[in-house]
Amino acid sequence: DANSPAAEPSTPPSTPPIRPVPDSPPPAPRPVRVRRPMQKVADILAGESGDTRVPRGVQAPTEDASKDEPELVETIHGAAMAAHIAETEGLDPRSLEEAKRRPEWLRWWEAMQEELRAL
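Start counting the sequence shown at 3; every next residue gets the next number (this note's numbering).
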């Protein structure tokens, strides 16, 4: 019978085509923590201490450190917003099983393999 399932050629299940990922901008430089001086050092720098010697191993802060703070705050807020949106919208899978159910599974697999090779 020509209509029987045995007469139909078997085809393997197809995987969705992989769309090219647009070039992403280079990652932002790693943020640098602004180190604040100990209270004793702050008192010395403000002229509120009888001892005017900066303790050994302590580096007085520079004026440039305060100029970087707004940029650092903006970077942190941007990263926090991106993480919140990804969590809220469910953009990233939370488990391997969830990743396997997504159409872009092959890209997730390749990214995981690349991360493992980098270790």
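Ideal Cβ positions, reconstructed from N, Cα and C, are used throughout, including at glycine. From a predicted model like this one, the values you see are computed outputs, not experimental measurements.
For residue i, which three-state DSSP category applies?
i	result
P31	coil
D45	helix
Where residue i and residue j are concerned, what is the direct C-alpha to C-alpha distance, given to the nearest angstrom?
i	j	result
A44	V34	21 angstroms
E117	H86	23 angstroms
D3	E100	Because the pLDDT of D3 is 49, which lies under 50, any placement of that residue in the model is unreliable, and the question is left without a value.
A120	M114	10 angstroms
G92	A82	15 angstroms
A88	E50	48 angstroms
How many whole angstroms separate the CB atoms of residue i and residue j, which I take to be in contact at a CB cut-off of 8 angstroms?
i	j	result
P95	R104	6 angstroms
V36	E71	6 angstroms
T77	A30	6 angstroms
Return the chain-ordered list of same chain residues with a C-beta closer than 8 angstroms to the C-beta of residue i, the five sequence neighbours on each side being excluded.
i	result
W107	A101
Going along the chain, which residues of its own chain have a beta-carbon closer than 6 angstroms to the beta-carbon of residue i, five neighbours each way excluded?
i	result
Q41	none
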